[in-house]
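Below is one structure; the comments refer to it alone.
Number of protein chains: 2
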Amino acid sequence: MADSPVSPLHIVRTQSLASLVADELERMILSGEIPPGTRLNEQALAARLGVSRGPVREAVRGLDRSGLVVTVVNQGSFVRQLSAEEAMDVYDLRVALTGYACERLAGRATPEQLGTLEDMVQGMESAADSDDAARYYALNLDFHSALMSMGGSSRAVRLYDDLGKELTLFRRRALVAPENMRESNAEHAAILHALAAGDAAAARMAGEAHIRGGKRRFATSTPPAGTEPAGKKRPGKAAARGEEEHVQDRDAPGEPTR
Amino acid sequence: MADSPVSPLHIVRTQSLASLVADELERMILSGEIPPGTRLNEQALAARLGVSRGPVREAVRGLDRSGLVVTVVNQGSFVRQLSAEEAMDVYDLRVALTGYACERLAGRATPEQLGTLEDMVQGMESAADSDDAARYYALNLDFHSALMSMGGSSRAVRLYDDLGKELTLFRRRALVAPENMRESNAEHAAILHALAAGDAAAARMAGEAHIRGGKRRFATSTPPAGTEPAGKKRPGKAAARGEEEHVQDRDAPGEPTR
DNA sequence: ATTCTGCAAACTGTTTACAGAGGACATTTT
DNA sequence: AAAATGTCCTCTGTAAACAGTTTGCAGAAT
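Here's what the structure looks like:
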């Protein structure tokens, strides 16, 4: 009846603590607040989030399955570290996914869908003109999400997003240089053009070329070091006191088991 | 020193109970022992596996993340039910992945790798000749795994396998009709031929065509009913007594939230 | 006869408690 | 002085207990 179905008593338990913890943990990891290689101290995390260790363990187990976290028995869970090669492999998978979505969409894109994409490309152009990297970044995410959603399936969208999260483990932030924005958006336009023309082969090529371009743009603008130095510091006993500390990094195993 | 490195005290804790439970649960689900739509009763599962509810919850949470299980707050976790459309989408994703792996492999396949694949195709041919569906099935899995591993990355292999597990949720078992074996293996040979020729485009086409063929062979040999009837039985109270019962199905929500 | 209400059992979500493993530091030994 | 070793302490892994919710059934009221 009421407009807002809020229970008068306590807030309705609409989702479990474990899922909330999982979301928060994922956010912390993807934002870099907890850098790769860091050990996830269950007790500290539980205390910081105001829950017990149970939900934290469940959340970490979920992140482990989805690839953001690596667990070593009796040693704990660590934020996954992606090697440069693995990151490139992930890019390649996104190439394949994007190409496929574009190819499928070419044959059946509705004028409405094309209009939506067109608007996004326009928006990115204006963002590039005003050097608004943040806005370009957001629109770019939307564009690719829309592409996957229209051409692929919901499963494809989730896959693409998950791969993106893994990439975020490698590159701290999407480095969008001003000149890259224009180049990138030109490729967007090429995709759109092929889609509008209904040319499946061209759309696929354009989609693949775009992600490959992103991979290249990233690879050329990143430090040439093959593997990250990672945290080598050993905090000793003091850090374990945990007064304000919520995470503690030990030796930081890169990829112990997989 | 000894041949079998078994600890004299208790068996070495080489992996956690939660991971063991997760493996066992996955096996149960994929084998059909716990059919889609079934609710996973934590207490019953814990009792059956001889552990407490903690590891079971962690395992279920992991399966939820990997897509085999769907969880509803305060109602429990259910084995996921794939609709026919979703299954087709998963097939399409495998088409894309396989095509991509084949394309990449074409340029750089070593004679050794080609020999390995050749042996598998030969093995499948002999299996088809003797109508040994089980052996064909196993070799087929190996062939595709090898293809992904050689042409793609370890990430691609895992992705492909995970998608395969999801498909298993839909089709109880890979139905390999005798005539299908020959058709399927002819496509394998075509892939191999293109790979040996180093023709990337042809390899991709052949790889894609093969999975599409598998999709078609499955779609034509499956009941035309769009959605599965699923378990509609309401077991009442008797089943909940749990003397030998380890699972209990209630209303079986297909895809409550995603 | 049907529907609604109230009670009870079961199950999920969460917290708390306990045992074993691993690591860091101090001491001892060579 | 350097290496080895012993001890303590933290943290993970697991189990058990506790609170809240949902579900099913029985009985009452219409």
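Going down the list, the sequences are from chains A and B.
Residue 258 is where the first sequence ends in my numbering, and the numbering goes up by one at each step.
Residue 258 is where the second sequence ends in my numbering, and the numbering goes up by one at each step.
Don't be surprised by glycine CBs; every beta carbon is placed ideally from N, CA and C.
Boundaries of the alpha helix (DSSP H) in which residue i is found, first to last residue
i: residue 16(B); result: Residue 16(B) -> no alpha helix (DSSP H), and no H or E assigned at all.
i: residue 155(A); result: 154-170
i: residue 145(A); result: 133-151
i: residue 41(B); result: No alpha helix (DSSP H) contains residue 41(B), which DSSP labels as neither H nor E.
i: residue 283(A); result: Within the shown structure, residues of chain A are numbered from 1 to 258, placing residue 283(A) beyond reach of any answer.
i: residue 63(B); result: 53-65
i: residue 34(A); result: Here residue 34(A) belongs to no alpha helix (DSSP H), and DSSP marks it neither H nor E.
i: residue 214(A); result: 200-220
Start-to-end residues for the beta strand (DSSP E) that takes in residue i
i: residue 77(A); result: 76-79
i: residue 71(B); result: 69-72
Classification of residue i by the beta-carbon crowding that lies within 10 angstroms, buried from 16 upward
i: residue 92(B); result: buried
i: residue 177(A); result: exposed
i: residue 65(A); result: buried
i: residue 71(B); result: buried
i: residue 110(A); result: exposed
i: residue 163(A); result: buried
i: residue 39(A); result: buried
i: residue 73(A); result: exposed
i: residue 153(A); result: buried
i: residue 198(A); result: exposed
i: residue 112(A); result: exposed
i: residue 58(B); result: buried
i: residue 141(B); result: exposed
i: residue 172(A); result: exposed
i: residue 77(A); result: buried
i: residue 29(A); result: buried
i: residue 7(B); result: Reliability fails at residue 7(B), whose pLDDT of 43 lies under 50, so the model's placement of it is uncertain and the value that follows must be treated cautiously. Exposed is the call here.
i: residue 14(B); result: exposed
i: residue 37(A); result: buried
i: residue 50(B); result: exposed
Cβ-based neighbour list, residue i, same chain, cut-off 7 Å, excluding 5 preceding and 5 following
i: residue 166(B); result: 67, 82, 90
i: residue 63(A); result: 22, 25, 26, 69
i: residue 264(B); result: Given a span of 1 to 258 for chain B in the structure shown, any question on residue 264(B) remains unanswerable.
i: residue 227(B); result: Caution is warranted here: a pLDDT of 39 is assigned to residue 227(B), below 50, making its placement in the model unreliable, and no coordinate value can be reported.
i: residue 159(B); result: 97
i: residue 185(B); result: 121, 124, 125, 128
i: residue 149(A); result: 157
Cut-off 8 Å between Cβ atoms - residues of its own chain near residue i, not counting five sequence neighbours on either side
i: residue 192(A); result: 114, 117, 118, 121
i: residue 143(A); result: 117, 120, 121, 124, 188
i: residue 88(A); result: 215, 219
i: residue 209(A); result: 187, 190
i: residue 53(A); result: 42, 43, 46
i: residue 303(A); result: Residue coverage of chain A in this structure runs from 1 to 258, which leaves residue 303(A) outside it and unanswerable.
i: residue 168(B); result: 30
Own chain residues within Cβ distance below 6 Å of residue i, not counting five before or after
i: residue 16(A); result: none
i: residue 107(B); result: 200
i: residue 147(B); result: 101
i: residue 170(B); result: 82, 87
i: residue 75(A); result: none
i: residue 32(A); result: 172
i: residue 206(A); result: 190, 191, 194
i: residue 181(A); result: 128, 136
i: residue 99(A); result: 204, 207, 208
Cβ-heavy atom distance, residue i to the ligand NAP, below 6 Å
i: residue 89(A); result: This structure lacks the ligand NAP; in fact it carries no ligand of any kind.
In chain order, which alpha helix (DSSP H) runs of at least 4 residues are fully inside the stretch 102-132 of chain A? Whole alpha helix (DSSP H) segments, 4+ residues: 111-129.
Positions along the stretch 18-29 of chain B whose CB lies within less than 7 Å of some CB in chain A: 18: these are the residues of the stretch 18-29 of chain B whose beta carbon lies less than 7 Å from some beta carbon of chain A, given in chain order.
Quick one, which residues of the stretch 88-111 of chain A are near chain B if we go by CB-CB under 8 Å, in chain order? If you check each beta-carbon in the stretch 88-111 of chain A against every beta-carbon of chain B, the ones closer than 8 Å belong to 89, 90, 92, 93, 95, 96, 97, 99, 100, 104.
Scan the stretch 147-159 of chain B for residues whose Cβ lies nearer than 9 Å to a Cβ of chain A and list them as they occur along the chain. Against chain A - using a Cβ distance shorter than 9 Å - the residues of the stretch 147-159 of chain B are 152, 153, 154, 155, 156, 158, 159.
What residues from the stretch 46-66 of chain B come within 8 Å of chain A, judged by C-beta to C-beta, listed N to C? Listed by position, the residues of the stretch 46-66 of chain B near chain A (Cβ gap below 8 Å) are 54, 57, 58, 59, 61, 62, 63, 64, 65, 66.
When you check each C-beta in the stretch 73-86 of chain A against every C-beta of chain B, which residues fall closer than 9 Å? Under the 9 Å Cβ criterion, the stretch 73-86 of chain A contributes 73, 74, 85, 86.
Against chain A, which members of the stretch 161-172 of chain B pass a CB distance test of less than 9 Å? So the close ones are 163, 166.
Members of the stretch 113-141 of chain A that neighbour chain B once the beta carbon cut-off is set at 9 Å: The stretch 113-141 of chain A vs chain B, Cβ under 9 Å: nothing.
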